[in-house]
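Written below as C-alpha cells is the structure these notes are about.
Residue numbers (this note's numbering), protein chains in the order written: chain A, 1 to 293; chain B, 294 to 586.
Below, the structure is given as C-alpha cells:
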C-alpha cells in the first residue's frame, strides 16, 4: 500500500485529539495534539510530552501544562531576569523546582552568576527535558550549574550555603508542589538567603487561584520586609494571567532597578525589557484588592 | 414526579455542554455552558446569549465571544478610560460598534462628556443587550447618549459632526466587522476627529492575529502622526492578551497624561488605574518586533 495515498491535510482533518486543562471543571484551554511523544510515570507524578499544532512541544506534569516550546520564554525570562537585574551582584543563585531547565538557562545567561544550584525532587523531569527539550536543558551542562535531586524543603533544612537570589519554580500546589506553598518552606528560604537576598516564587493566577494567593502573600508578608507581586501574560497557563511574588530583604524592585545594567548585560530576550520590568509591578485594581484581603 | 428527586450536583455531572472558540482550529478556550438563554439571527449575524458556570452570562456574535459578565470590565475600561484621561476635554465622543453598551457605559461615567454618539450596524445586538445584559446597557437611557443604527463607514461619510475622541469597538475582522479594519475607514475617522482628536481601536491579539496587526498599524501610521499600542489581559479573548491602537493628532498617551485627573474624576474601576495606564504601553520584545515589521 502506498502511504502517499493519504494526503497530509486529509489526515489532519481526521485526526482529532485534544488536550484540555480545566479550571474547576468549568473552563480551560483546549489544544489540538499532533502526537504523544512520551508518557511515563515517575515516583512522584505522571509525565507527558505532547506535540501540538499551535504551541509546538508541550511538557505536562501531573496533568498540568508546565511549558510549551512556543511560549516558555515568557515564564522563564520573567521569573529570572526581574530579581537578577534588581540584585546588584547575584553571584550565587538557587532554583527550587524547575527541572525542565528553562529558569536555569536564563539565570546562567547572567555572566555575574558564579554558581547556580538547582534542587529538583524528580530526576525524571530533568531526564525528559534533556531528551525532548534541548533548548531548555542546555544549562545542565554549564560548569557553574550544580544539580541536586532532592526535596526542596529537605535541601533547605540541611544546606550550609547562603544565596543572593532564590527562585521557586514550582508546579501548582497539588501533588509534589504542595509543600512549596507553605509558611514553613518560606521561613526556611528566608534563613538561607543572604542579608540582602531576594526570593521570587511563582504565585499562580490572580483570576483563578485567589485563595492560594491570599494565603501565600499573607505568609510571605509576615516573613519578608518587602513583598510585591508582579504579573506576566502566559497564554498556556490557566486564565493566561500569571503572577510572581518578589520578596526582598533589602532591595526595592523598582527603586533599586538600574536599566543600564540590562543594557550592558546584553542578554537577548523575547519578552523582558526594562519597561516591562517596571510595568509588570503595576497591578489592576481587582488584584490590588485581592492582596489587601 | 418530584423534581427534587434529581439532586442539582448530580445534574451538573450529567450536563456536559461546552462552548469552544478555536484559533485556526488548533487551540482555544473551552467554557462549560449552563444553558442557552437566547439564540437569534439578525440581518448581519448569528447572536447567542449563553449562561456559563465560570464566567456568568456570555454574549456570542458570529460565533466569537464578545463579552462575559465576569471579565467585560477589563475591555470596556481599557478602551474608554485610556483616551478619555489623555484628552484634556473629551466633550464629544463617538463609539463605532459596541452595541452591547459596555463602552458607552464607561464613556458616560466621565462627567466632562457632553455627547456620546454610538453607531451600531445591528440593532438586534442593542436589543439583546438591553434585555439580557442590563449592567452593560444602562448607558442607552442617558440623555447624553445618541444611538444611530447604521454602518460605521456610511455614518462617517455623511456626518457633519467633529469628535474629540472616537472608539472603534469592533468585532473581529470577519463578517460585519471586516470594513472596520481597512485603511479607507481609518482615513474617514481621521477626517471627523477634531485637530487634537484621539482614536482608540481594538486591535486583536498580538499572539494570534499578527497579520491583522501588521497591516492595521502600517495603515494607521500612514494616517496619524502618533500611533502606539497598549495591551490588557482579557481571559475570554483569544490567547488572553489583547491590544488597542492609540492614534492621536496631538496628545501623547503618557507625556500628556495627568494622573490627578483620574483621582478627581473619582470613577470606580476594577482594572484601570494610573499605573496601569502607563504600564499598558510597555510592550514585550516580541510585540515591539511585530510592530517594526
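All C-beta atoms, glycine included, are put in the ideal place defined by N, C-alpha and C.
Coarse secondary structure for residue 239 of chain A, derived from DSSP in three states: For this step, residue 239 of chain A is matched to residue 239 along the first chain. It is coil, neither helix nor strand.
Burial state of residue 307 of chain B, where buried means 16 or more other Cβ atoms lie within 10 Å: On the second chain, residue 307 of chain B is found 14 positions in, with the first residue counted as 1. With fewer than 16 other Cβ atoms within 10 Å, it is exposed.
Element boundaries [beta strand (DSSP E), containing residue 319 of chain B]: Counting from 1 along the second chain, the entry for residue 319 of chain B is found at position 26. First-last for residue 319 of chain B: undefined, no H or E at that position.
Please check the pair residue 377 of chain B and residue 388 of chain B, which I expect to be a contact at CB under 8 Å, by giving their CB distance rounded to whole angstroms. Walking along the second chain from the start, residue 377 of chain B turns up at place 84. Walking along the second chain from the start, residue 388 of chain B turns up at place 95. Beta-carbon to beta-carbon, residue 377 of chain B and residue 388 of chain B are separated by about 12 Å, too far to satisfy the 8 Å threshold.
DSSP bridge partner residues for residue 129 of chain A (one or two, in chain order): The count along the first chain starts at 1 and reaches residue 129 of chain A at position 129. Answer is none; residue 129 of chain A lacks a bridge partner.
Would you report the Cα separation of residue 270 of chain A and residue 581 of chain B, rounded to the nearest angstrom? Counted from its first residue, the first chain places residue 270 of chain A at position 270. Counted from its first residue, the second chain places residue 581 of chain B at position 288. A direct Cα-to-Cα measurement between residue 270 of chain A and residue 581 of chain B gives close to 9 Å.
I'd like the span of the alpha helix (DSSP H) that includes residue 447 of chain B, first residue to last. The residue given as residue 447 of chain B occupies position 154 in the second chain. 445–451 is the span of the alpha helix (DSSP H), which, as asked, contains residue 447 of chain B.
Given a limit of 7 Å on CB to CB distance, which residues of the stretch 219–245 of chain A reach chain B? 233, 235, 239, 240, 241
Is there contact here, the stretch 549–565 of chain B with the stretch 514–524 of chain B, by at least three beta-carbon pairs under 8 Å? no
Got a sec: does the ligand GTP put a non-hydrogen atom nearer than 7 Å to the Cβ of residue 219 of chain A? In the structure shown, the ligand GTP is absent, as is every other ligand, since no ligand is present at all.
Across which residues does DSSP place residue 495 of chain B in a beta bridge pair? The residue you call residue 495 of chain B lines up with position 202 of the second chain. According to DSSP, residue 495 of chain B bridges with B:537.
Can you list, in chain order, the residues of the stretch 309–322 of chain B whose Cβ is nearer than 8 Å to any Cβ on chain A? 313, 315, 316, 317, 318, 319, 320, 321, 322
Report the residues of the stretch 484–506 of chain B with a CB closer than 7 Å to any CB of chain A, ordered along the chain. 500
In three-state terms, what does DSSP make of residue 209 of chain A? In the first chain, counting from the first residue as 1, residue 209 of chain A sits at position 209. Reduced to three states, the DSSP call for residue 209 of chain A is coil.
So residue 397 of chain B is in the alpha helix (DSSP H); what residue range does that whole segment cover? Your numbering for residue 397 of chain B matches position 104 in the second chain. Where residue 397 of chain B is concerned, the enclosing alpha helix (DSSP H) stretches over 395–401.
Among the candidates A:20, A:78, A:28, A:51, whose CA atom is the shortest distance from the CA of residue 277 of chain A? Position 277 of the first chain holds residue 277 of chain A. When each option's Cα is compared against that of residue 277 of chain A, the closest is A:78.
Taking residue 166 of chain A and residue 199 of chain A to be in contact with their CB atoms under 8 Å, please state how far apart those CB atoms are, rounded to whole angstroms. Residue 166 of chain A sits at position 166 when you count from the first residue of the first chain. Residue 199 of chain A sits at position 199 when you count from the first residue of the first chain. Sure, about 5 Å apart at Cβ, within 8 Å.
Quick check on DSSP: helix, strand or coil for residue 414 of chain B? Indexing the second chain from 1 puts residue 414 of chain B at position 121. If DSSP states are grouped into helix, strand and coil, residue 414 of chain B belongs with coil.
Answer with buried or exposed for residue 294 of chain B, where buried requires no fewer than 16 other C-beta atoms within 10 angstroms of its C-beta. The residue you call residue 294 of chain B lines up with position 1 of the second chain. Low per-residue confidence applies at residue 294 of chain B: pLDDT is 42, beneath 50, and the placement is therefore not dependable enough to give any value.
Integer-rounded CB distance, given that residue 531 of chain B should sit under 8 Å from residue 347 of chain B: As a working mapping, residue 347 of chain B is identified with position 54 in the second chain. As a working mapping, residue 531 of chain B is identified with position 238 in the second chain. 17 Å between Cβ atoms; not a contact.
Compute the Euclidean distance between the alpha carbons of residue 575 of chain B and residue 158 of chain A, then round it to the nearest angstrom. Translated into the one-based positions of the second chain, residue 575 of chain B becomes position 282. Translated into the one-based positions of the first chain, residue 158 of chain A becomes position 158. Rounded to whole angstroms, residue 575 of chain B to residue 158 of chain A spans 42 Å at the Cα level.
What separation, rounded to the nearest whole angstrom, lies between the Cα atoms of residue 361 of chain B and residue 242 of chain A? In the second chain, counting from the first residue as 1, residue 361 of chain B sits at position 68. In the first chain, counting from the first residue as 1, residue 242 of chain A sits at position 242. Between residue 361 of chain B and residue 242 of chain A, the C-alpha separation is close to 20 Å.
Check whether the stretch 55–65 of chain A and the stretch 143–158 of chain A are in contact - that is, three or more C-beta pairs closer than 8 Å. no
Chain B contact for residue 1 of chain A (CB, 8 Å cutoff): Walking along the first chain from the start, residue 1 of chain A turns up at place 1. Residue confidence is low: residue 1 of chain A scores 42 on pLDDT, short of 50, so the model does not pin down where it sits. Its coordinate-derived value is still stated next. Answer no: the Cβ-Cβ gap between residue 1 of chain A and chain B never drops below 8 Å.
So does the stretch 323–342 of chain B actually touch the stretch 37–47 of chain A, counting three or more Cβ pairs closer than 8 Å? Cβ pair count under 8 Å is below three, so no.
Using a Cβ cut-off of 8 Å, which residues of the stretch 269–280 of chain A contact any Cβ in chain B, in chain order? 269, 270, 271, 272, 273, 275, 276, 278, 279, 280
Starting from residue 165 of chain A, trace the beta strand (DSSP E) both ways and give me its first and last residue. For the purposes of this step, residue 165 of chain A is taken as residue 165 along the first chain, with counting starting at 1. For residue 165 of chain A, the enclosing beta strand (DSSP E) begins and ends at 163–169.
DSSP-derived helix/strand/coil call for residue 519 of chain B: Indexing the second chain from 1 puts residue 519 of chain B at position 226. Strand, per DSSP.
What residue does the beta strand (DSSP E) around residue 262 of chain A start on, and which one ends it? Counting from one through the first chain, the residue named residue 262 of chain A turns up at place 262. Looking at the DSSP string, residue 262 of chain A is not in any beta strand (DSSP E); the run it does join, the alpha helix (DSSP H), is 259–265.
State the CB to CB distance for the pair residue 528 of chain B and residue 207 of chain A, rounded to an integer number of angstroms; the pair is presumed to be in contact (CB under 8 Å). Counted from its first residue, the second chain places residue 528 of chain B at position 235. Counted from its first residue, the first chain places residue 207 of chain A at position 207. 6 Å between Cβ atoms; contact.
Just to check my reading of the structure: residue 394 of chain B and residue 373 of chain B have Cβ atoms closer than 8 Å, yes? What is that Cβ distance to the nearest angstrom? Position 101 of the second chain, counting from 1, holds the residue named residue 394 of chain B. Position 80 of the second chain, counting from 1, holds the residue named residue 373 of chain B. No, residue 394 of chain B and residue 373 of chain B are not in contact; Cβ-Cβ is about 12 Å, not under 8 Å.
Step through the CB atoms of chain A and report whether any lies within less than 8 Å of the CB of residue 578 of chain B. For the purposes of this step, residue 578 of chain B is taken as the residue at position 285 of the second chain. Closer than 8 Å to the CB of residue 578 of chain B there is at least one CB belonging to chain A.
Opening and closing residue of the beta strand (DSSP E) in which residue 67 of chain A lies: Residue 67 of chain A sits at position 67 when you count from the first residue of the first chain. Segment 64–68, the beta strand (DSSP E) holding residue 67 of chain A.
At which residues does the beta strand (DSSP E) containing residue 145 of chain A begin and terminate? As a first step, residue 145 of chain A is located in the first chain; it is residue number 145 there, counting from the start. Per DSSP, residue 145 of chain A belongs to the beta strand (DSSP E) from 145–149.
In chain order, what residues of the same chain lie with their CB nearer than 6 Å to the CB of residue 316 of chain B, ignoring the 5 residues before and after it? As a working note, residue 316 of chain B is residue 23 in the second chain. So the list reads 501, 531, once near-sequence residues are dropped.
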